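To start, the structure itself, in structure tokens.
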Amino acid sequence: MKLALSESQSMLKDTVARLFADEATPERLRAAEDTGVDQALWDKLVELGIVGIRAIEPQDGGMTLMDAAIVAEEAGRHVAPVPLIEAIVAIALLHRLDAPAALLSAVDSGAIATLALNPVAPGVAQPVLGGSRAHVVLALDGNDLVALTGLNAAKAPNIAAAAVANLDLSSGAGERFVLATGDTAISQFAAACEEWKVLTAAYLAGLGRRALELAAAYSVERHAYGSPIGAYQGIAHPMADAATHMDGAKLLAWRAIASIAAGDAKGGARAAMAYWWAAHSVDQAVQHSVRTFGGYGLSLEYDVQLYFRRAKLLSLIAGDPNAELDRIAARLWDGETVALPRAGEVEIDFEWGAEADAYAAELRSFVEGQMAPDIAAKKHHSTAGHHPGFHKKLAEAGHAYPDLGADGQKVRSRYEVMAAAPMWEDIGWTRTPIAVTEFVAKMAQLWSQPETKEEIVGAIARGEALGALGFSEPQSGSDVFGTKFSAVREGDEWVLNGQKMFTTNGHQADYILMLTRTDNSGKKHQGLTMFIMPMKLPGIELHPVYTLQDEKTNITYFTDVRISDRYRIGEVGDGARVMASALGFEHGGSGYHAAQTAMMRRALAWARKPSGNGAAPIDNPFLRRVLARAAINDEVADVLCRRQVWADVEGIHDISYGPMAKMFTTETMYRDASAIVEAGAPGSLVRGVDPDMDYVETTMRRAIAMTVYGGTSEVHRSLIAEKSLGMPKSRS
């Protein structure tokens with residue numbers, strides 16, 4: 001797995017970023033609106049070889065599709081007033097098809113080439129970006145791929161004041177060159193359009209991100225009611241959503257490129273997904289950016305409106321982006337294929353790797369071999385699915401906590417663990433007891449005193465003990481530092497009194513990770529001390545709490561519970577620092593995503609079954625779009641989660657990555673499961689009729705709980721706004 005640019009790509013990024021910063025200034029952007037093109041910028045791009053970046057095929061030493069995407073993203077960040085993406089694609093196509101020498105000489109020397117994104121239809125005009133300044137327009141006319149010159153089209157009024165011409169390419173105007181015919185023409189045009197989609201997705205990702213950065217900076221400067229406006233959640237939270245979506249857009253474009261380069265069967269679907277997602281989500285980014293500026297955002301004197309206008313143009317210039325949902329559905333589920341551009345060698349890699357895949361296969365084989373009828377009968381998504389005997393076998397084989405590395409067991413990589421994770425959802429086996437227990441074990445490894453560490457981690461690694469978490473209280477949930485739970489020292493012991501809420505797994509736990517208050521004299525984040533302590537002690541009383549997602553948690557009462565100081569972790573009063581490491585484990589989404597992917601698979605299984613009238617639900621155009629949106633959300637969640645895991649492995653400490661992955665994964669899982677249940681209503685409300693729909697309906701209820709686990713989505717939005725966009729702390 002590799003999600004970082006190479007050294008040469010970083011240099012390319014820096015070069016074009018400086019170029020656009022120098023040449024695409026706000027003043028130049030406005031000056032270019034008369035013609036739609038900044039000629040000086042265009043000349044620089046031609047001189048540096050940027051416009052012809054794809055003219056030479058990658059296998060012949062030319063630049064890769066990833067290189068072009070890097071350029072596109074930077075162009076988007078500066079809303080460069082040139083038809084750059086269209087020219088890159090068109091010039092590459094002209095060279096690929098051995099266009100007449102005069103045409104090649106002209107475009108290589110700086111004449112503008114562009115592409116009509118829809119096939120020619122008799123008597124129908126279509127807006128062509130760059131068309132009003134183009135020397136040559138490429139188009140698919142029937143079974144002919146043609147180059148049209150001498151059109152001399154006027155600039156059409158448009159939202160971005162770009163060089164758009166509204167062209168009826170069937171009119172016979174200009175000179176016509178046939179570049180290819182038949183299947184070659186159709187496939188080459190299709191590949192060019194897919195390349196345009198991927199590069200435009202990268203452009204929009206850069207554009208949306210930069211618009212948000214402008215708005216975030218303004219939200220720090222502008223005050224209302226005595227505070228920066230960015231401190232209000234009504235401003236910060238929509239911006240956090242949009243920032244997450246734009247990060248997803250960039251990563252999805254990268255994954256599409258990596259898939260195309262690898263010849264992945266999902267390459268065509270991912271290219272379409274990247275374009276639809278970027279076109280869909282950039283609207284939210286620019287909308288909230290403009291609104292953050294308030295009335296100033298509507299003024300043409302402010303730059304943010306430039307981003308709004310260009311985003312609207314590029315997300316709609318190819319037609320209704322929702323039509324892309326139908327293409328995605330056809331490519332994913334009907335076996336439809338599409339010609340794709342040559343990507344060249346791409347170092348970006350989203351896969352867990354061969355070793356990880358091998359471990360996933362090994363674990364699946366082990367689990368399937370152990371799944372006796374009495375074990376299978378325990379299957380349930382909650383802690384009720386825990387089977388002590390099976391758990392012990394997993395632990396003995398090193399599969400219960402594969403990356404813990406306790407008791408001399410082989411330490412599996414994070415990638416191996418993640419590659420194996422989907423199997424548990426596939427077979428319907430709960431991971432909740434293990435996940436909570438591993439949390440406790442890792443905290444013990446980090447912080448416990450030596451003899452206690454051996455006791456706790458050893459018992460857990462051998463499959464002899466389970467853990468629970470004691471963080472939340474009646475008056476402090478996400479505000480963990482507001483804890484009032486009392487721990488008073490008496491010699492070498494501590495006396496504990498108080499109440500902990502939602503101690504999931506507490507009824508079968510042997511140890512509990514506890515946050516307590518040992519000193520009330522300072523600020524609320526001071527005077528905290530943490531413990532990992534036994535649960536089987538006098539004075540501990542559990543009351544069950546049953547939830548809407550068919551799960552059981554607990555309220556746990558502690559009355560004069562005495563524990564030895566050896567169960568303390570970290571120093572007395574240093575609980576805030578210890579707790580910070582614990583929150584890092586919770587604020588991630590990778591542990592949730594397997595359920596989203598499994599839900600998607602089960603939804604498709606349901607949708608493919610004939611209903612009462614003989615037709616399968618998947619044949620319904622409305623449902624296909626619901627499922628296509630869910631598939632895209634699953635892909636975006638996947639790339640956000642993979643980035644989080646990769647960053648953890650590489651030691652890249654961007655605090656926003658985990659909250660983005662967790663918030664997006666759980667929120668979209670709930671929304672998509674709800675939409676599918678809604679589409680299947682009223683039959684979807686009756687359990688026991690279809691096991692696949694039952695799974696989707698259960699996931700809907702599980703997902704609403706997941707938006708709360710480890711901090712609500714609102715808590716994560718505040719973190720994203722602060723850590724990704726640099727906005728003030730938002731607590732109101």
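If you use UniProt numbering, the sequence shown closes out at 732, no skipped numbers anywhere.
Beta carbons are placed, not taken as given, at the ideal position from N, Cα and C, and that holds for glycine.
The structure displayed is predicted, hence computed values, not measured ones.
Quiz item: Using the C-alpha atoms, what's the distance from serine 472 back to serine 478?
Solution: 7 Å
Quiz item: Who are isoleucine 532's beta bridge partners in DSSP?
Solution: Leu513
Exercise. Could you tell me whether the region 441-458 touches the region 567-576, using the rule of 3 or more Cβ pairs below 8 Å?
Key: yes
Quiz item: What does phenylalanine 485 pair with, by DSSP beta-bridge criteria?
Solution: In DSSP, phenylalanine 485 forms no bridge with anything.
Quiz item: In chain order, what residues of the same chain lie with their CB nearer than 6 Å to the CB of glycine 428, ignoring the 5 residues before and after it?
Solution: Lys379
Quiz item: Is it true that the region 247-256 meets the region 199-210, where meeting means three or more beta-carbon pairs spaced less than 8 Å apart?
Solution: yes
Quiz item: lysine 609 and alanine 598 look like a contact to me (Cβ under 8 Å); what is the Cβ gap, rounded to whole Å?
Solution: With a Cβ gap of about 17 Å, lysine 609 and alanine 598 do not count as contacting.
Quiz item: Cβ of methionine 239 within 8 Å of Cβ of threonine 292?
Solution: yes
Practice problem: Quick one: give me the first and last residue of the beta strand (DSSP E) that phenylalanine 177 is part of. | Solution: 175-181
Exercise. Return the Cβ separation of glutamate 195 and proline 341 in integer angstroms, given the expectation that the two are a contact with Cβ distance under 8 Å.
Key: With a Cβ gap of about 4 Å, glutamate 195 and proline 341 count as contacting.
Practice problem: Specify the secondary structure class of threonine 665 as computed by DSSP and reduced to three states. | Solution: helix
Quiz prompt | Helix, strand or coil at valine 393 according to DSSP, with G and I counted as helix | solution = Per the sequence shown, residue 393 should be read as lysine rather than valine. Note: lysine 393 maps to helix in three-state DSSP.
Practice problem: Give, in chain order, every unbroken run of the beta strand (DSSP E) that is at least 3 residues long and sits entirely within the region 333-416. | Solution: none
Quiz prompt | Secondary structure, alpha helix (DSSP H): runs of 4+ residues fully inside the region 214-298 | solution = 233-262, 267-292, 295-298
Quiz item: Between which two residues does the alpha helix (DSSP H) containing asparagine 166 stretch?
Solution: Not the alpha helix (DSSP H): asparagine 166 falls in the beta strand (DSSP E), residues 164-167.
Quiz item: With respect to the beta strand (DSSP E) encompassing glutamate 541, which residues constitute its N-terminal and C-terminal limits?
Solution: 540-546
Quiz item: Can you tell which of Arg687, Arg643, Val636 has the C-alpha that lies nearest to the C-alpha of residue 792?
Solution: No statement about residue 792 is possible, as the shown extent of the chain runs from 1 to 732 and does not include it.
Quiz item: When you compare only the Cα positions, how much space is there between histidine 223 and isoleucine 235?
Solution: 12 Å
Quiz item: Residue range of the alpha helix (DSSP H) that serine 656 falls in?
Solution: Segment: none, serine 656 is in no alpha helix (DSSP H) and carries neither H nor E.
Quiz prompt | Three CB pairs or more closer than 8 Å across the region 674-692 and the region 211-222 | solution = no
Practice problem: Buried or exposed for serine 259, please, with buried defined as at least 16 other CB atoms from any protein chain shown within 10 angstroms of its CB. | Solution: buried
Self-check item: Inter-residue CB distance, alanine 72 and isoleucine 85 (contact presumed, cutoff 8 Å)
Solution: 6 Å
Quiz prompt | Rounded C-alpha distance that separates residue 767 from arginine 209 | solution = Absent from the structure is residue 767, since the part of the chain shown begins at 1 and ends at 732.
Quiz item: To the nearest whole angstrom, what separates the beta carbons of aspartate 672 and alanine 630, a pair I think is in contact under 8 Å?
Solution: 4 Å
Quiz prompt | Element boundaries [alpha helix (DSSP H), containing leucine 19] | solution = 7-23
Self-check item: Coarse secondary structure for asparagine 613, derived from DSSP in three states
Solution: Here asparagine 613 sits in coil by DSSP.
Quiz item: Among Val696, Gly680, Pro388, Thr665, which has the Cα closest to the Cα of threonine 244?
Solution: Thr665
Quiz prompt | Inter-residue spacing [alpha-carbon to alpha-carbon] between glycine 123 and serine 170 | solution = 6 Å
Self-check item: lysine 552, enclosing beta strand (DSSP E) - first and last residue
Solution: 552-564
Quiz prompt | Straight-line Cα distance separating glycine 294 from alanine 231 | solution = 15 Å
Self-check item: Integer-rounded CB distance, given that asparagine 166 should sit under 8 Å from leucine 313
Solution: Rounded, the Cβ-Cβ distance is 13 Å, inconsistent with contact.
Quiz prompt | Cα-Cα separation between arginine 30 and alanine 468, rounded to whole angstroms | solution = 60 Å
Quiz item: To the nearest whole angstrom, what separates the beta carbons of glutamate 425 and alanine 595, a pair I think is in contact under 8 Å?
Solution: 5 Å
Self-check item: Residue range of the alpha helix (DSSP H) that includes leucine 51
Solution: Checking the displayed sequence, the identity of residue 51 turns out to be valine instead of leucine. Valine 51: not part of any alpha helix (DSSP H); DSSP gives it neither H nor E.
Exercise. Look up valine 136 in the DSSP assignment and give the residues it is bridged to.
Key: Ala113, Thr149
Exercise. Less than 8 Å between the CB atoms is what I'm expecting for leucine 298 and valine 290, so what's the real figure, rounded?
Key: 7 Å
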